[in-house]
Amino acid sequence: MGVHGLTTYLRENQRTLSKAVEFPSSSNDVTSIVVDGWSFIYELYEQSKLPWVYGGEYDAFSACVGGVVKAWIAVGLRVYFVFDGSAPELKIPTLINRINHSITERSLLFFRTSAASRSTPRFLHETRMIPPLAYHACLYALHAVASSVDSLEVHFADEEGDPYAVELAGRLGAFVVGNDSDFVILNSGKYAGYIQLDDMLWAVPNSAEQGSGGGGDEHGEFRTVKKGKTKKQNVTQQGISRGLIPPEHSTDLTLSVSVYTPATLASHFKIPVTLLPLLGALVGNDFSNQSSTQRNVQNLFFERQLTLSQRITRVGSTLNGILSASTRKRKARHQVGSVMDLIDRSVHALLIRPPSTMASGEIDAIVDRIVNATLQYAIDKYDGDTFGPDGLWPSKICALHRGETCRLSGLFSRALLLSSDNAGEDNVVEKQFLQLRSLYISAYRSGHFQPKLMDILSTGTFWPKLFLENPDVENVARSIGRPIREWIYAILEDAVGLPEAPEEIEESNEEQPDAPQVDDEDEDELIDVVEEDSDDDEVDLLAPLRGELQRLRAPYEESAMPASTSSRSRAPCAPRLKYITEYVRRGTRVASEEVEVPDLGRLLASYSSVLHDDSRDSWTPLPLRSPSERMSLFLHALRSSTAAVEELPSEQLMGALVLRWVVQIMHLRALESPSKERENERWTKSEACALLAFYMSQGHCLNIRSTPNSPGAAEHVTGFEATPINERSIQLMAQVLVATESIHQLSEVLLLTERVPVRVHILSGQSFYTHLAQKGSNCRDTLPQGLWEACMEGLGEAFAEERPVKTKKSKVNAKQDVVTYRLNDKMMYVPPAQSFDQAVTFARSAFESDLTGIDKSRISFSLNVLANGKHGSVGISSVAWPTIVSHLARYEIIDVRVQPEIKVSPPPSYRSCSPTEAAEKEPCSSSQPSSHHNSFDPRRFFHRMSS
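In the UniProt record's numbering, the protein residues as written are 1 to 947.
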């Protein structure tokens, strides 16, 4: 969630809207913070500068998470992490747009860019993606820290994480830390305010004292005046580090943050704090546009030239103007009587088009969408008196709500409600469903049933984690992950029940009785705006919204709450087909695909050991069976039910299962549709060995202090990006990541996470690329004993033959098989010469009549080039020939030139001189005597000088 442009608005008005708070490590005070888990993951992976293109450096990221959390605890913070649960149905269009923008479009750009360009640091930064298993690495690090200290807790929201985080903060009197502007809109209880992750500053007190030691007067009466043109000192050099990661080798730290509160923002716009949700809905949030086919509401409210900050200012002024006008006595007949009246007036005031030009019912539809977007900010009021940690966990299933009001319970209760309506007094089946609900809720709250699975139970959707892959081939989430997910859907349907198809839900909702009406006169009335200097703390500022929103929310919840299965359980009719909507990449965009939930009995037809002791009347759901039975079924579903695999230790099991699964799936695809493309998809044994080495090695843990604030950051990034990035390795890694995620989800559904740990925290994507580049050489010798044999059992024919290494042709471009020689006006095609002498030979052969009798030393070559906007000719020397010719294009024209013959004059000849002439030292006459004025006689010269 997030209000469009509000983060920018807060930054532009930081001095007015925020206050500075410091957390020194020397203080004994303990302050609670609630951290938005996904905002933390995105921000930390970005700031750590860890490479992403290899699939994720999870070992280094895990260490980084632990280091930051320990630094927070060291400055006196008690940390509560909150991760999102299932996503609301209203948010689906927003999720599709985000995935298309952050994953699909960037992946397409990556594969449409040359290999040289896409390997540059700038390109990799601009197309950055979050590795798909970062959540698991972060969760492992958090649990590792929580096991050693009492100042860290991890929570998983019932549904959307933002309202849960603020409600938890309101119960604890805590700050919320994240990168979501909705945290300054939401409000609850003793909520202390919102801290942006990228606004954090770490300061070393010693450095700060040294920097101010020789500055001004000790009493603070004078300040040192600095020239305006003085170059600012680097933040790191001053002992201050901006961002999440604290400075290196520092213990006595101080954390400085900026805090934004809903009360300050509401006071800034001069509106009640309870109207901030309406402001966010009017400006635009994740729920304002519920369908991609609907017109964008904000396009009807704002001119295109308005900036995001100007839009927020306009909405705030509009709300303030409507409320101010309604409180004046002269305008009494125009007073706002209800929240719906306020919303209707706000919509009309913001429209940039006359209402008469809009279609019938369009304004009413806009009002409904604004109401639904506002409802998402509603938080149930806490009616207890206990705040702080002691006020948490009023029930065993939820930290904030009682068991009967917690929405999470209803997601696991469909089958339970069905059985309770059709059961007698002694219902064994009902007890099983109660036990299943308790087990799954406990697994979810402890992080062993990931939130992505909750979308299946909540909205009947599934969102595979997409990552970098070839956009021209089938999405690996379909080819690799879907067969495993079909088992997940069938097991969950049998154990707890899945949502009905959307059209069936609508039919059942029509049969439900109308919701109880709320008294309009009591709760729908709008109270006057509270003055800024009011000291009455008992005034319920939520009253302007409570009446109408509660009425609107009642039927909404009845139709949207998954627990509402009365129509399904009233009549013992035949079970209907159910479908799960998967959002996967189809070509260059994300699209929905309906996947039928298979019958569990059909999937188990070939697995008689599960059914031989169970009749239809005494059926035991699979998650309630013994660990050995669940494990046997787990391996059967993954086509790895062999004795060697069953005997593998837990730390080796995930790697073996991932390898066996991807190898078999790619092999079956090649058999089903024989083609060159499908054959190239198959794995080789050297690639399989590289994968096992990737899973078994501890990787290489980066120095987590290598951030933009540290001098060694560039060296680390450059060193990592030096590993070759090729399309084959990218596609293999995409298959491995999806298989790992899907197998882990199946183990969670069968409650086998302890037997099959995912162990993401030891993985380094770069190590996998390195092993692939080395063709798995010497990898098998480093594998644990028996692992390779267990992986190869039954897969002898599934592997492809080793592919020959493609060596780059030296000196000649592969596509350049012919060039053009030009002499005078004649041109001839010739093969590219490997050397200069060979080029001369080809030229003599091509232009035999012109070059006969010409010495080879007179033959030269040149190319026409464009330099500085002018055409010119550049000669090719003999030593540069191999390099130049290797970069020539096919049919490139090379000019052949014949250098002019150089005529060398013979040396002068001398005749013999007579003895008399020799005695006089006179020069001998040559065949062409020189003139008198050009001759020089030293004796005559000195004779003239003496006379």
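All C-beta atoms, glycine included, are put in the ideal place defined by N, C-alpha and C.
Cα-Cα separation between residue i and residue j, rounded to whole angstroms
i	j	result
residue 957	residue 282	Not covered by the structure: residue 957. The range shown for the chain is 1 to 947.
residue 55	residue 321	52 Å
residue 821	residue 866	19 Å
residue 141	residue 345	50 Å
residue 623	residue 416	15 Å
residue 403	residue 396	8 Å
residue 642	residue 736	21 Å
residue 676	residue 682	10 Å
residue 358	residue 366	11 Å
residue 797	residue 663	10 Å
residue 850	residue 106	57 Å
residue 307	residue 280	16 Å
residue 654	residue 487	18 Å
residue 695	residue 689	10 Å
residue 952	residue 88	Here the chain has residues from 1 to 947 only, and residue 952 is not among them.
residue 460	residue 784	42 Å
residue 468	residue 129	8 Å
residue 31	residue 78	6 Å
residue 483	residue 352	51 Å
residue 266	residue 198	23 Å
residue 202	residue 656	44 Å
residue 741	residue 380	35 Å
residue 16	residue 193	15 Å
Coarse secondary structure for residue i, derived from DSSP in three states
i	result
residue 174	coil
residue 449	coil
residue 820	strand
residue 863	strand
residue 24	strand
residue 653	helix
residue 401	coil
residue 143	helix
residue 893	strand
residue 7	helix
residue 259	strand
residue 17	helix
residue 833	coil
residue 382	coil
residue 665	helix
Beta-carbon separation (whole angstroms), residue i vs residue j, contact threshold 8 Å
i	j	result
residue 184	residue 10	7 Å
residue 84	residue 398	So it is not a contact: roughly 16 Å between Cβ atoms.
residue 285	residue 2	7 Å
residue 819	residue 892	5 Å
residue 584	residue 499	The Cβ separation is near 19 Å, so there is no contact.
residue 108	residue 471	5 Å
residue 350	residue 315	7 Å
residue 36	residue 170	15 Å between Cβ atoms; not a contact.
Outcome for residue i when other beta-carbon atoms lying within 10 angstroms are tallied against a minimum of 16
i	result
residue 902	exposed
residue 670	buried
residue 126	exposed
residue 145	buried
residue 196	buried
residue 47	buried
residue 5	buried
residue 298	buried
residue 829	exposed
residue 304	exposed
Heavy atom of the ligand SAM within 6 Å of residue i beta-carbon
i	result
residue 357	With respect to small molecules bound, the structure shown includes none, and the ligand SAM cannot be examined in it.
Taking one C-beta from the stretch 786-795 and one from the stretch 723-731 each time, how about it: are there three or more such pairs within less than 8 Å? no
Query - the stretch 763-776 contacting the stretch 52-66, beta-carbon criterion three pairs below 8 Å - result: Short answer: they touch.
Kindly confirm or deny that the stretch 874-888 and the stretch 824-839 touch, where touching means at least three C-beta pairs closer than 8 Å.
Yes, since at least three Cβ pairs between the stretch 874-888 and the stretch 824-839 fall closer than 8 Å, the two stretches touch.
Point to revise | Cβ contact (3+ pairs, closer than 8 Å) linking the stretch 12-31 and the stretch 250-259 | key: yes
With three or more beta-carbon pairs closer than 8 Å as the criterion, would you say the stretch 96-116 touches the stretch 437-452?
no
- Message: Would you call the stretch 70-77 in contact with the stretch 154-173, where contact means no fewer than 3 C-beta pairs closer than 8 Å?
- Response: no
So does the stretch 732-747 actually touch the stretch 32-46, counting three or more Cβ pairs closer than 8 Å? Contact check between the stretch 732-747 and the stretch 32-46: fewer than three CB pairs, one atom from each, fall below 8 Å, which does not count as touching.
Is the stretch 86-102 close to the stretch 585-593, with three or more CB pairs under 8 Å?
yes
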